[in-house]
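In the numbering used here, the protein residues as written are 3 to 274.
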Ligand SMILES: [Mg+2]
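This is the structure in structure tokens:
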């Protein structure tokens, strides 16, 4: 049994590059096959919807499929024996209810954000079922500028938050993000955070990289500086290689580290 029992990886920017062919790297394939064969569980923790995550996985074509999909930076699914995905517990339902409540309470804020975006230009608002759920900016610089305005507009709405990934942004309730979704998965699976490794590359990964839900953290070399900083603060591993190869290195690093820790503990125990 591997020392890491649950691996929570982001997908875009962590396992695949934005300009890559989307295929699984040879080294990650070897690493995940060995890890999974030893009994380790794997969750993809992504901003994608289930449908888009499945599409991405089909192209990625890993030697083993993930056991869990944590989607839209908030929902938790598990894989059934027939390969289909089902909601894991009641989390997704509660999550949707709380977002409904937030939308009702903060409707005025969404209207203000949409109006401001239209005035600035270069910002595409994303609507789902008649509701504003996020936006995409033309450049990352424009995202930085517009976010300052969003922060000012939303200052009085305490439950309002957002998840950002490059030029994409999704509004959310402050209690729902990759970290709390991972926490719920650990609760459902009876998983000790000391046996969990989380890896990501961008702002929306930071909530799962603070050491709370995953005691072990990592990022590939291509991660943004804010993520590298967060990973270092939580005593994690910043890889020297990009994307999936960096995550394969992280997995090997923590397996080695844990094994050495156990050996040290065992020898101290023997002396005593
Ligand atoms: Mg990413």
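Beta carbons: idealized from backbone N, C-alpha and C, even for Gly.
Ligand 1 heavy atom lying under 7 Å from the CB of residue i
| i | result |
| --- | --- |
| residue 244 | no |
| residue 215 | no |
| residue 237 | no |
| residue 84 | no |
| residue 16 | yes |
| residue 207 | yes |
| residue 179 | no |
| residue 204 | yes |
| residue 167 | yes |
| residue 161 | no |
Residue nearest to residue i in terms of C-alpha spacing, selected from the options
| i | options | result |
| --- | --- | --- |
| residue 31 | 260, 262 and 254 | 254 |
| residue 135 | 146, 161 and 174 | 174 |
| residue 190 | 216, 91, 212 and 251 | 91 |
| residue 156 | 211, 246, 115 and 261 | 115 |
| residue 166 | 37, 50 and 10 | 50 |
| residue 22 | 71, 104 and 246 | 246 |
| residue 196 | 152, 217, 205 and 113 | 217 |
| residue 87 | 100, 99, 96 and 73 | 73 |
| residue 80 | 110, 44 and 34 | 44 |
Terminal residues of the beta strand (DSSP E) in which residue i lies
| i | result |
| --- | --- |
| residue 88 | 87 to 89 |
| residue 159 | Neither: residue 159 is in no beta strand (DSSP E) and is coded neither H nor E. |
For residue i, three-class secondary structure by DSSP
| i | result |
| --- | --- |
| residue 274 | With a pLDDT of 33 at residue 274, under the threshold of 50, the predicted position of this residue should be treated as unreliable, though the coordinate-derived value follows. Of the three classes helix, strand and coil, the one that applies to residue 274 here is coil, per DSSP. |
| residue 268 | Low confidence applies to residue 268: its pLDDT is 47, below 50, so where it sits in the model is not reliable, and the reading given next is rough at best. Residue state, collapsed to three classes: helix. |
| residue 15 | coil |
| residue 243 | coil |
| residue 276 | A query on residue 276 cannot be resolved here, the shown segment of the chain reaching from 3 to 274 and no further. |
Short Cβ contact (8 Å threshold) for residue i with residue j
| i | j | result |
| --- | --- | --- |
| residue 223 | residue 241 | yes |
| residue 183 | residue 199 | no |
| residue 13 | residue 58 | yes |
| residue 117 | residue 159 | no |
| residue 78 | residue 186 | yes |
| residue 180 | residue 210 | yes |
| residue 1 | residue 124 | Not covered by the structure: residue 1. The range shown for the chain is 3 to 274. |
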